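Peer 1:
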Amino acid sequence: TEDYDSIPQDFINLGFSPEDVSLERLQSSGITEGLSFAFRQLSQGGGPKKMQERVKEEFKERYGTDLSDSELRDAARADMLERMEAQLASEGVDVKGVTNVMEEMSRRNRELFALPPYVLYVARAFSTLEGIGLSVDENYAIIQECYPYLSGRLFTDRSPRAKAALRAMLGLSDDSSAAALSYGDVSPGLAAVKAGVKGQADEKAAALSPKKLLEMTDNFASYTAATAAVDRDGEGRTAAAKEFAKLLLDKEGSTLQEILVEEAAKLGDAATRSFLRQALVESAFAKTIASSLRAPKDALERSEQLSSLLPEDLKRAVIERPADFPRLVDELLHPTSEDERLLSTASELREALGGRLENGSLRSALAENLSDGASIIPSVPDISPGLRSIASDAETRDFVLEQLSNVPSLGRRVGAGLFRRAAYRAMNSPALPEDARRRLSDANNRVADAIEPAATKKE
Numbered sequence: 085t086e087d088y089d090s091i092p093q094d095f096i097n098l099g100f101s102p103e104d105v106s107l108e109r110l111q112s113s114g115i116t117e118g119l120s121f122a123f124r125q126l127s128q129g130g131g132p133k134k135m136q137e138r139v140k141e142e143f144k145e146r147y148g149t150d151l152s153d154s155e156l157r158d159a160a161r162a163d164m165l166e167r168m169e170a171q172l173a174s175e176g177v178d179v180k181g182v183t184n185v186m187e188e189m190s191r192r193n194r195e196l197f198a199l200p201p202y203v204l205y206v207a208r209a210f211s212t213l214e215g216i217g218l219s220v221d222e223n224y225a226i227i228q229e230c231y232p233y234l235s236g237r238l239f240t241d242r243s244p245r246a247k248a249a250l251r252a253m254l255g256l257s258d259d260s261s262a263a264a265l266s267y268g269d270v271s272p273g274l275a276a277v278k279a280g281v282k283g284q285a286d287e288k289a290a291a292l293s294p295k296k297l298l299e300m301t302d303n304f305a306s307y308t309a310a311t312a313a314v315d316r317d318g319e320g321r322t323a324a325a326k327e328f329a330k331l332l333l334d335k336e337g338s339t340l341q342e343i344l345v346e347e348a349a350k351l352g353d354a355a356t357r358s359f360l361r362q363a364l365v366e367s368a369f370a371k372t373i374a375s376s377l378r379a380p381k382d383a384l385e386r387s388e389q390l391s392s393l394l395p396e397d398l399k400r401a402v403i404e405r406p407a408d409f410p411r412l413v414d415e416l417l418h419p420t421s422e423d424e425r426l427l428s429t430a431s432e433l434r435e436a437l438g439g440r441l442e443n444g445s446l447r448s449a450l451a452e453n454l455s456d457g458a459s460i461i462p463s464v465p466d467i468s469p470g471l472r473s474i475a476s477d478a479e480t481r482d483f484v485l486e487q488l489s490n491v492p493s494l495g496r497r498v499g500a501g502l503f504r505r506a507a508y509r510a511m512n513s514p515a516l517p518e519d520a521r522r523r524l525s526d527a528n529n530r531v532a533d534a535i536e537p538a539a540t541k542k543e
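Per the numbering used here, the very first residue in the sequence shown carries number 85; after that it's consecutive.
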């Protein structure tokens, strides 16, 4: 996920630091910068040789392209010493009194880190395996080879740690989702919308990454197919199809299923509000109606004599309230930063899936036989040979059809989540009077409970 800022906390959670070392001390030690650099290099593969080439190019960009190898090393060493001195100075150490800065930093790091022996054994095993891989492919990266296993593990493991890790991999925050997926004091989907409703969301707020979702999906399929059997006659693809159907549709649920239900409810809420805003606020017809409703109030404001003739109660009920109605609708349907992110995510996902499913060859073949080209021909989903072989397998087809019987239940969960989000929005809307907020919120909650009765909710 490249969430390198979480490295210090990970070290504490994994027991890689002594118990008396605080998170703040680890954060100020510079561990994040050093390990993030190492992880980025390792993930690109190629072993020490390619890594050395990349580091050299990076040093040239940083210190100058006209420097020799020895000059680059001296510049990098001087830069490192300067950073170490700054680090020691930030901790209150008199740098001038330290005869050997690197030795002092080494001593301090020994106090901060205590890697268990098994980590060293794992690292040795990984280096041996990567050496074997590099003998076949000079760009081999064992970290990338572990990705399919990681995807399979996170998709199927329902432990709290695995759930948190999967959400992090997909770009979602863990703290808000825990509340959003539970049925305690906060209903599903409500905690996740709080920041957006209250206008507190920022640019760094968590959002589902379509690219990462598809990437992990591909790796899950690869891992399942590889571990099920040698993919003779499509056996691996068949096993992967079954596992996907179970993950997405099984009545027992899965972490991935919970995430997709939650995101579907959030997207449905944002899309509905966007559609209503276009129809009731931004369309030419809506603007004409709004102008007509405001016209009597504008006329009264221009004529004090006419305004004084009407009783206040009548003026408020017949003129002022209708004139204020367009503003209330605008405020109720005003898009939040969360809404914008959700719609952007949906657009990214649609484009990513469209590139995989669009049948360009069929579209081109039809266009050649039409005088006005392919512009009027909609894209047709392309069914790959792999999918056709899966669909032709009777056992797999029956298994998937059996899982499809759970789709109505998933639909109810999405619908209930959508109405609960609407209830929360209504209750926290400053545009509505308190009594209206309560009535609208109660109505949405009753609809949600009718769609998904309390007896079906998960503990």
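All C-beta atoms, glycine included, are put in the ideal place defined by N, C-alpha and C. Remember, it's a predicted structure, so these values are computed and weren't measured experimentally.
When you compare only the Cα positions, how much space is there between residue 206 and residue 340?
Peer 2: 29 Å
Peer 1: Among 521, 242 and 350, which residue has its Cα nearest to the Cα of residue 336?
Peer 2: 242
Peer 1: Kindly list the residues whose CB is nearer than 6 Å to the CB of residue 433, restricted to its own chain and excluding five residues on each side of it in sequence; keep chain order.
Peer 2: For residue 433, where only same-chain residues beyond five positions count, the Cβ hits under 6 Å are 294.
Peer 1: Applying the 10 Å Cβ sphere with the 16-neighbour rule, what's the burial state of residue 326?
Peer 2: buried
Peer 1: Give the list of continuous alpha helix (DSSP H) stretches no shorter than 4 residues that lie fully inside the segment 179-247.
Peer 2: 185-196, 201-220 and 226-240
Peer 1: Quick check on residue 300: buried or exposed, where buried means 16 or more other Cβ atoms within 10 Å of its Cβ?
Peer 2: buried
Peer 1: Are the segment 369-386 and the segment 344-357 touching by the rule of at least three beta carbon pairs closer than 8 Å?
Peer 2: no
Peer 1: For residue 529, count neighbouring Cβ atoms within 10 angstroms of its own Cβ and tell me buried if that reaches 16, exposed if not.
Peer 2: buried
Peer 1: Ends of the alpha helix (DSSP H) at residue 339?
Peer 2: 339-361
Peer 1: Are the beta-carbon atoms belonging to residue 291 and residue 498 less than 7 Å from one another?
Peer 2: no
Peer 1: Can you grab the Cα-Cα spacing for the pair residue 128 / residue 478, in whole Å?
Peer 2: 42 Å
Peer 1: If you compare alpha carbons, which of 414, 208, 131 and 231 is closest to residue 220?
Peer 2: From the listed residues 414, 208, 131 and 231, the smallest Cα separation to residue 220 is found for 131.
Peer 1: For the alpha helix (DSSP H) that contains residue 89, what are its first and last residues?
Peer 2: Counting along the chain, residue 89 falls outside any alpha helix (DSSP H), and DSSP gives it neither H nor E.
Peer 1: Buried or exposed, going by whether 16 or more other CB atoms sit within 10 Å of the CB of residue 133?
Peer 2: exposed
Peer 1: Hey, quick one: how far does the alpha helix (DSSP H) through residue 503 stretch, first residue to last?
Peer 2: 491-511
Peer 1: In its own chain, which residues sit with a C-beta less than 8 Å from the C-beta of residue 95, not counting the 5 before and 5 after it?
Peer 2: 101, 110, 115 and 197
Peer 1: Using 8 Å for Cβ pairs, my map puts residue 515 next to residue 394. What's the rounded Cβ distance?
Peer 2: Contact flag wrong, Cβ pair sits at about 26 Å.
Peer 1: Taking residue 234 as the reference, give the member of 214, 118 and 302 with the closest Cα.
Peer 2: 302
Peer 1: Mapping the DSSP letters down to three states, classify residue 99 as helix, strand or coil.
Peer 2: Here residue 99 carries a coil assignment [DSSP, helix/strand/coil].
Peer 1: Just the Cα atoms here: how many angstroms apart are residue 422 and residue 429?
Peer 2: 10 Å
Peer 1: Residue 404 and residue 381 look like a contact to me (Cβ under 8 Å); what is the Cβ gap, rounded to whole Å?
Peer 2: 6 Å
Peer 1: Leaving out the 5 sequence neighbours to the left and right, which residues in its chain are closer than 8 Å to residue 334 when beta-carbon positions are compared?
Peer 2: The residues are 341, 487 and 490.
Peer 1: I need the straight-line Cα distance from residue 199 to residue 238, nearest angstrom please.
Peer 2: 25 Å
Peer 1: Less than 7 Å separating the beta-carbons of residue 338 and residue 331?
Peer 2: yes
Peer 1: Once you ignore the five residues that flank residue 143 on each side, which residues in its own chain have a CB closer than 6 Å to its CB?
Peer 2: 156 and 160
Peer 1: Look at the Cβ atom of residue 535, then the Cβ atom of residue 496, and state whether they are nearer than 7 Å.
Peer 2: yes
Peer 1: Which of helix, strand or coil does DSSP assign to residue 410?
Peer 2: helix
Peer 1: Got a sec, what are the start and stop residues for the alpha helix (DSSP H) residue 531 sits in?
Peer 2: 518-535
Peer 1: Do you know whose CA, among 305, 361, 365 and 414, lies nearest residue 232's CA?
Peer 2: 305
Peer 1: I need the DSSP call for residue 172, collapsed to helix, strand or coil.
Peer 2: helix
Peer 1: Give the straight-line distance between the Cα atoms of residue 227 and residue 217, rounded to the nearest whole angstrom.
Peer 2: 12 Å
Peer 1: With distances taken Cα to Cα, identify the nearest neighbour of residue 527 among 537, 518, 507 and 107.
Peer 2: 507
Peer 1: Whose C-alpha, out of 346, 223 and 225, is nearest the C-alpha of residue 500?
Peer 2: When C-alpha distances from residue 500 are compared across 346, 223 and 225, the shortest belongs to 346.
Peer 1: Kindly indicate which three-state DSSP category residue 336 falls into: helix, strand or coil?
Peer 2: The DSSP-derived three-state label of residue 336 is coil.
Peer 1: Considering only their Cβ atoms, is the gap separating residue 296 from residue 351 smaller than 7 Å?
Peer 2: no
Peer 1: Rounded to the nearest angstrom, what separates residue 401 and residue 519 at their Cα positions?
Peer 2: 17 Å
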